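*Asks:* Just dropping this structure here.
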Amino acid sequence: MILQSFDQVLSADDVALLARLVEVWNGRRNSNLTRSIYYDGESALKDFGISLPPQMRGLSAALGWVGKGVRAVTDRSRFEGVLSADGTDDPFELGQVLAENQFQSEYPQAKVSSAVHGCAFIAVSLDSFGRPLMHMVAADAGAGVWDTSKRRLSGFLEVVELDEVTRAMTLVLYTPEKAVTIEVNEGTPRIADVVTHGLGIVTAVPMPYAPELRRPLGHSRITRAAMYYSDAALRTIVRSEVSAEFYSAPEYWLFGADVSAFQDADKWSAVMGRIKALEYQEGDPKPELHRFSGASPQPHTDQLRMWSSLFADDQDLEVKFADSSNPSSADAIFAAKETLITTTRDANIRWDSAAASAMRIAVMLRDGMTEPTDELRKLSIRSTDPAIVSPSARADAFSKLSAAIDGFGMSEVGMEFAGLSREQIIRFQTERQRDQAGSRFQGLIEAAKSIRAVNDGDSGAGVGVPAGEPVASSAGSA
């Protein structure tokens with residue numbers, strides 16, 4: 035049932051919080067939209083109106099550098115699993131929760147949104163059956179207010195639905211006490227649903243990228259410098275298109291000829307004709323043909339390489355992004371990626387910490403808890419190592435560590451180091467336990483057969499003495 039006024043649900047502080055969150059969302063919309071356009075490679079050509087002819091100003095040029103810069107980090111960040119303090123594979127029965135919320139597929143998408151906009155959010159609630167729901171919310175569809183003293187959100191707004199002119203139609207307001215669904219009909223807001231809880235915290239967690247004290251909700255990986263380099267490179271590409279047109283069609287100037295012979299439709303014939311001739315009579319000025327070659331496109335190529343080098347330096351990309359002419363050694367390639375690896379590790383720490391906090395909130399809502407237990411507080415997320423090395427180098431290092439550290443090769447840590455996924459480790463351990471169980475069972479059968487053979491050969495005179503054998507007397511030999 036839809037309530038007709040805010041007074042029954044929202045206090046004055048809640049209304050003020052809602053107004054502030056809407057202001058934050060509107061204030062960041064243009065910036066978020068701009069970065070989304072650059073990530074999609076759909077940024078329009080910003081022409082200076084100097085060297086580009088009018089016929090080519092409608093050229094649909096595109097460049098995918100910005101998207102590559104974002105994916106350079108997010109593609110290296112892989113969710114591996116959930117860890118508990120005692121090493122349990124499925125702590126707090128979170129496996130079902132993650133499967134129902136498609137966490138494996140949506141969590142990487144939230145990382146991309148975090149890198150693009152500087153922050154993403156994980157909103158947690160309960161459905162009508164009391165099951166936890168985890169919503170991945172991009173920054174262009176949500177807004178949060180950060181409480182510096184408590185180091186968490188003091189309020190969060192999720193924009194669920196927009197109309198045809200991008201006005202908010204359905205909103206969800208998260209406060210420390212409740213989650214309120216608001217529907218806007220013809221400009222009039224109505225309360226559609228209210229879910230209260232006793233946690234005393236906002237059930238939404240930010241996933242910032244590159245936060246700092248003055249911007250705790252992070253910075254976008256798409257920096258202003260990256261956008262400028264992308265625009266400049268796009269202009270260079272279009273200018274090279276213009277230069278290529280002139281370079282591929284050199285100019286010919288004919289001096290001393292009748293101009294009327296090259297007017298109207300005869301212009302194209304003069305350019306493309308295989309056999310060319312002009313009437314020449316004695317006493318007329320002798321025509322002279324001169325050829326002027328267009329400028330070489332090489333300067334544009336050099337300038338594009340300069341922009342790619344600047345962009346690669348801003349985004350910590352490997353050197354081969356800007357210059358792949360000379361292949362580097364394996365050590366040189368790894369050293370070039372060191373900054374990118376460090377950046378990904380730092381991002382994993384923040385993203386995985388946010389995901390672990392969201393999982394703790396989901397468990398508390400599901401189980402009706404008001405405070406997390408000590409074991410729940412130690413819940414953490416494991417991601418794969420972003421330092422991708424060659425299989426031969428990994429195998430060599432694994433062999434050396436297995437020989438130096440007793441039991442390393444058969445441990446989960448060792449198998450993770452070897453590059454096995456979580457699923458592969460579980461399958462290996464299951465098969466190993468099954469083989470060990472079969473070996474133990476076969477050993478028990480063999481032992482039982484030996485005992486039975488001994489018992490069948492017992493004559494009653496002494497244990498373990500075969501029938502028909504003489505038994506020595508205590509008084510002497512028989």
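Residues in the sequence shown are numbered consecutively from 35, following this note's numbering. Backbone N, C-alpha and C fix where the C-beta goes; we use that ideal spot for every residue, glycine too. Predicted, not measured: the structure shown is a model, and the values here were computed from it.
(1) In this structure, does DSSP put residue 308 in helix, strand or coil?
(2) At 3 residues or longer, and completely inside the region 226-263: list those beta strand (DSSP E) runs for me, N to C.
(3) Given a cut-off of 8 Å, decide if residue 380 and residue 415 are closer than it, judged by their beta-carbon atoms.
(4) Could you say which of 119, 209, 197 lies nearest to residue 53 if we only look at CA atoms?
(5) Compute the distance between the beta-carbons of residue 228 and residue 212, then report whether it is under 8 Å.
(6) For residue 344 and residue 260, what's the separation of their Cα atoms in angstroms?
(7) How far does the alpha helix (DSSP H) with residue 203 in it reach, from first residue to last?
(8) Evaluate residue 3 with the Cβ neighbour count: other Cβ atoms within 10 Å of its Cβ, from every protein chain shown; 16 or more gives buried, anything less gives exposed.
(9) Can you tell me which of 411, 429, 246 puts its alpha carbon nearest to the alpha carbon of residue 384?
(10) Nearest CA to the CA of residue 390: which residue from 413, 129, 483?
(11) Would the beta-carbon of residue 417 fall within 8 Å of that of residue 113?
(12) Specify the secondary structure class of residue 477 as computed by DSSP and reduced to three states.
(13) If you draw a straight line from the C-alpha of residue 409 to the C-alpha of residue 457, how long is it?
(14) Mind checking whether residue 107 and residue 255 have CB atoms under 8 Å apart?
(15) Using 10 angstroms around the beta-carbon of residue 515, count the other beta-carbons present and answer buried if the total reaches 16, otherwise exposed.
(16) With which residues is residue 180 paired in a DSSP beta bridge?
(17) So, helix, strand or coil for residue 420, using DSSP?
(18) If the criterion is Cβ atoms closer than 8 Å, does the pair residue 148 and residue 250 meet it?
(19) Would you check if the region 393-401 and the region 162-172 touch, i.e. whether three or more CB-CB distances between them fall below 8 Å?
(20) So residue 444 is in the alpha helix (DSSP H); what residue range does that whole segment cover?
(21) Where does residue 225 land, buried or exposed, given buried means 16+ other C-beta within 10 angstroms?
(22) Residue 477: buried (16+ other C-beta within 10 angstroms of its C-beta) or exposed?
(23) Work out the CA separation of residue 61 and residue 263 for me, nearest whole Å.
(24) Return the residue from the list 405, 449, 481 that minimises the CA-CA distance to residue 419.
(25) Suppose you measure from the CA of residue 252 to the CA of residue 150; what does that come to, to the nearest Å?
(26) Looking at the structure shown, is residue 393 part of a helix, part of a strand, or coil, going by DSSP?
(27) Give me the Cα-Cα distance between residue 195 and residue 222, rounded to the nearest whole angstrom.
(28) If the criterion is Cβ atoms closer than 8 Å, does the pair residue 55 and residue 189 meet it?
(29) Mark residue 145 as exposed unless 16 or more other C-beta atoms lie within 10 angstroms of its C-beta, in which case mark it buried.
(30) Mapping the DSSP letters down to three states, classify residue 118 as helix, strand or coil.
(31) Residue 184: buried (16+ other C-beta within 10 angstroms of its C-beta) or exposed?
(32) Is the beta carbon of residue 95 less than 8 Å from the beta carbon of residue 76?
(33) Which residues in the same chain as residue 182 place their Cβ atom closer than 8 Å to its Cβ, once the five residues preceding and following it in sequence are excluded?
(34) With DSSP as the reference, identify every bridge partner of residue 192, one or two as the case may be.
*Replies:* Let's see:
(1) Unreliable positioning characterises residue 308 in this predicted model, as indicated by a pLDDT of 46, which lies under 50. The coordinate reading is nonetheless provided below. In the structure shown, residue 308 sits in coil (DSSP, three-state: anything other than H, G, I, E or B).
(2) 238-242
(3) no
(4) 209
(5) yes
(6) 8 Å
(7) First-last for residue 203: 202-208, but that is the beta strand (DSSP E), not the alpha helix (DSSP H).
(8) Given a span of 35 to 512 for the chain in the structure shown, any question on residue 3 remains unanswerable.
(9) 246
(10) 413
(11) yes
(12) helix
(13) 24 Å
(14) yes
(15) Since the displayed the chain opens at 35 and closes at 512, residue 515 lies outside it and no answer follows.
(16) 187
(17) coil
(18) no
(19) yes
(20) Residue 444 -> no alpha helix (DSSP H), and no H or E assigned at all.
(21) buried
(22) exposed
(23) 25 Å
(24) 449
(25) 11 Å
(26) helix
(27) 15 Å
(28) yes
(29) buried
(30) coil
(31) exposed
(32) no
(33) 250
(34) 176, 206
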